[in-house]
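As structure tokens, the structure follows; a few thoughts come after it.
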Amino acid sequence: MVSDSDAGSPASDEHGSTSAARIAEVREAVAAAADWFTAQFHADAGEQARSYARERGIGPDMLAAFGIGYAPAARGSLRRALARFGDERLIEAGLLISVDDKEPYDRFRDRLMIPICDPLGRVIAFGGRVLGDGEPKYLNSPETPLFDKGGTLFNLHRARGAARTSGVLVVVEGYLDVIALAQAEVDQAVAPLGTALTEAQIAALWETVETPVLCFDGDAAGQRAAMRAATRALPMLRKGRSLYFATLPPGQDPDDLVRASGVEAFAKLVRSAETLADRIWRTEVDAKPLDIPEARAGLRQRLGEHAASIRDSALRQSYRKEFERRCDALFRGGYIRTDAGRARYSPSADLSDQDKMRRGPGQAIIAAILHGLVRFPDIARNERGTVAMLPITDPELAAFRDRVLTAITAGRALPVPDFRSTLAFSFTRDDPNGSEDLRKALSTFGVSDD
Numbered sequence: 001m002v003s004d005s006d007a008g009s010p011a012s013d014e015h016g017s018t019s020a021a022r023i024a025e026v027r028e029a030v031a032a033a034a035d036w037f038t039a040q041f042h043a044d045a046g047e048q049a050r051s052y053a054r055e056r057g058i059g060p061d062m063l064a065a066f067g068i069g070y071a072p073a074a075r076g077s078l079r080r081a082l083a084r085f086g087d088e089r090l091i092e093a094g095l096l097i098s099v100d101d102k103e104p105y106d107r108f109r110d111r112l113m114i115p116i117c118d119p120l121g122r123v124i125a126f127g128g129r130v131l132g133d134g135e136p137k138y139l140n141s142p143e144t145p146l147f148d149k150g151g152t153l154f155n156l157h158r159a160r161g162a163a164r165t166s167g168v169l170v171v172v173e174g175y176l177d178v179i180a181l182a183q184a185e186v187d188q189a190v191a192p193l194g195t196a197l198t199e200a201q202i203a204a205l206w207e208t209v210e211t212p213v214l215c216f217d218g219d220a221a222g223q224r225a226a227m228r229a230a231t232r233a234l235p236m237l238r239k240g241r242s243l244y245f246a247t248l249p250p251g252q253d254p255d256d257l258v259r260a261s262g263v264e265a266f267a268k269l270v271r272s273a274e275t276l277a278d279r280i281w282r283t284e285v286d287a288k289p290l291d292i293p294e295a296r297a298g299l300r301q302r303l304g305e306h307a308a309s310i311r312d313s314a315l316r317q318s319y320r321k322e323f324e325r326r327c328d329a330l331f332r333g334g335y336i337r338t339d340a341g342r343a344r345y346s347p348s349a350d351l352s353d354q355d356k357m358r359r360g361p362g363q364a365i366i367a368a369i370l371h372g373l374v375r376f377p378d379i380a381r382n383e384r385g386t387v388a389m390l391p392i393t394d395p396e397l398a399a400f401r402d403r404v405l406t407a408i409t410a411g412r413a414l415p416v417p418d419f420r421s422t423l424a425f426s427f428t429r430d431d432p433n434g435s436e437d438l439r440k441a442l443s444t445f446g447v448s449d450d
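Just so you know, we're using full-length UniProt numbering here: the sequence shown kicks off at 1 and counts up by one.
See the structure below:
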């Protein structure tokens with residue numbers, strides 16, 4: 001990991017030597033390009049870029065704060081404007097492309113330009129968002145003597161102060177997500193640069209806060225990226241340092257969520273983020289059916305491998321025990337082992353009417369959730385890991401939950417509740433929001449770390 005004092009220090013070239021004077025010229029060329037892109041954004045040629053920024057809700061303050069610019073569509077506009085640096089330096093800075101003996105040309109064309117800075121706030125690279133139908137949609141600078149893509153986090157230089165003050169640092173997928181959140185006065189957001197979160201980037205996050213929150217899209221790609229980050233973080237874990245995971249609603253990015261529901265909706269999403277252990281557990285439980293012994297053994301093996309990857313021995317042991325405990329709860333169902341070694345169902349003891357009336361508010365909500373799961377069995381199957389870890393203290397509810405898990409594991413229809421719930425009306429098929437309300441209710445119950 002590069003410290004602040006070393007930020008932006010030149011990398012060695014292929015010959016193992018780096019000229020400080022040459023690096024200074026590259027840095028000057030990149031800074032000049034940033035100024036030129038900004039000027040083009042505000043010139044006549046930048047009208048389409050300004051229109052796009054308005055559509056994204058990026059106001060004048062954010063345009064200035066992030067130094068947003070525009071790269072014209074012509075192949076040689078920047079090359080001519082920065083001719084004083086020479087082609088060699090502009091190529092080295094990642095601003096021109098040279099193919100064989102052909103004339104060099106501008107790397108970024110017809111793109112909204114976003115400067116990428118080092119931890120000291122110096123421009124070291126660019127990200128460009130295409131404005132037309134071209135590909136790729138997003139284009140970053142290549143690796144240069146100034147820019148290490150896998151070791152850089154977009155906006156870290158701006159987010160660090162707010163993150164250290166609040167104790168919250170949010171990782172989103174792209175730089176436009178960061179800018180949208182800054183527009184909504186969420187200043188402690190950063191983003192990787194078109195790659196999966198690397199070990200170096202995770203280390204940089206932990207240098208800022210102990211438990212950063214990864215907030216990725218709810219689609220398959222976003223969830224794969226989250227799981228890759230989780231597995232990369234595991235070997236690096238130590239006491240007090242971990243990751244949390246928040247998942248955006250399907251089809252929404254941070255900007256969509258803030259515009260539709262306000263910044264408080266995003267803040268609530270971050271506050272309800274799940275732990276690293278919960279994310280790994282849920283992903284592995286939901287990965288494959290668990291209806292046969294081999295599948296259940298496979299789950300135990302995968303979770304054991306995740307725990308084994310943790311270098312810290314105390315944490316490794318803690319994760320191993322926690323995953324074993326959860327597997328035992330998930331597979332326990334409503335069955336116990338008799339002295340003769342045969343499995344039999346163990347019904348819970350009857351509760352007196354007085355005990356039923358004394359059921360606490362949390363247990364009353366869980367009773368309603370269990371009713372709802374029978375009405376929406378797909379949710380029960382998809383969220384069986386969460387169902388298994390519901391914090392149930394009421395024996396009647398615990399027994400029914402175990403019967404639900406047994407039915408899910410066996411692929412049978414879910415049982416009909418044999419208890420009443422005064423809140424069961426909360427999750428009905430007659431209500432168009434019934435299934436979504438049930439999912440939200442389930443999400444409010446975290447898994448205990450005890």
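Where is the CB? At the ideal position from N, CA and C, for every residue including glycine.
Per the C-alpha coordinates, the member of Ala184, Gly132, Arg109 and Ala267 positioned closest to asparagine 140 is Arg109. Judged by DSSP in its simplified three-state form, asparagine 382 adopts helix.
Taking C-beta separations shorter than 6 Å and ignoring five residues to either side along the sequence, the partners of proline 250 in its chain run Gly218, following chain order.
Here leucine 146 is buried, its C-beta having at least 16 other C-beta atoms within 10 Å.
Contact between the stretch 173-182 and the stretch 198-206 is absent: fewer than 3 CB-CB pairs across the two stretches fall below 8 Å.
Proline 115 sits in a strand when the DSSP states are folded into three classes.
For phenylalanine 400, the uninterrupted alpha helix (DSSP H) run begins and ends at 395-410, by DSSP.
Assigned with DSSP and collapsed to three states, aspartate 106 falls in strand.
In this structure, aspartate 118 sits near isoleucine 124, with a CB-CB distance shorter than 8 Å. When rounded, the separation of the alpha-carbon atoms in alanine 83 and aspartate 44 is 22 Å. Taking every protein chain shown into account, the CB of isoleucine 292 has fewer than 16 other CB atoms within 10 angstroms, so this residue is exposed. Inter-segment contact for the stretch 261-274 and the stretch 242-249 is present: three or more beta-carbon pairs are separated by less than 8 Å.
Within 10 angstroms of the beta-carbon of valine 404 lie 16 or more other beta-carbons, which makes it buried.
Under the 8 Å Cβ criterion, the stretch 255-269 does not count as touching the stretch 225-239, having fewer than three qualifying pairs.
In this structure, DSSP gives phenylalanine 154 an extended state, which the three-state scheme calls strand.
DSSP places threonine 198 in no beta strand (DSSP E); its state is neither H nor E.
A Cβ-Cβ distance of about 14 Å is found for the pair proline 377 and phenylalanine 400, leaving them out of contact under the 8 Å criterion.
With respect to phenylalanine 323, arginine 296 sits apart: the two C-beta atoms are not nearer than 8 Å.
In this structure, the beta-carbon distance from glutamine 183 to alanine 163 does not fall below 8 Å. A distance below 8 Å separates the beta carbons of leucine 169 and proline 212. The beta carbons of glycine 385 and valine 285 sit about 4 Å from each other, so the pair counts as a contact at 8 Å. With 16 or more other Cβ atoms inside 10 Å of its own Cβ, valine 178 counts as buried. For arginine 129, the enclosing beta strand (DSSP E) begins and ends at 123-130.
For glutamate 274, the secondary structure class from DSSP, reduced to helix, strand or coil, is strand.
By alpha-carbon distance to glycine 167, the top candidate from Leu269, Glu143, Ala265 and Thr208 is Thr208. When DSSP reads this structure, alanine 246 sits in a beta bridge with Cys215. With contact defined as three or more Cβ pairs closer than 8 Å, the stretch 150-158 and the stretch 230-243 are not in contact. Around the C-beta of leucine 120, fewer than 16 other C-beta atoms lie within 10 Å, and the residue is accordingly described as exposed. The beta carbon of arginine 300 is closer than 6 Å to those of Cys327 in its chain, skipping five residues each way along the sequence.
Proximity to phenylalanine 126 across Ala71, Cys215, Arg56 and Met62 peaks at Ala71, based on C-alpha coordinates. Going by DSSP, alanine 441 is part of the alpha helix (DSSP H) stretching over 434-443. Beta-bridge pairing by DSSP links isoleucine 97 to Tyr105. Under DSSP, valine 190 shares a beta bridge with Val171. A distance below 8 Å separates the beta carbons of alanine 329 and alanine 388.
By DSSP's assignment, alanine 71 forms a beta bridge with Arg111. For leucine 78, the enclosing alpha helix (DSSP H) covers residues 77-81.
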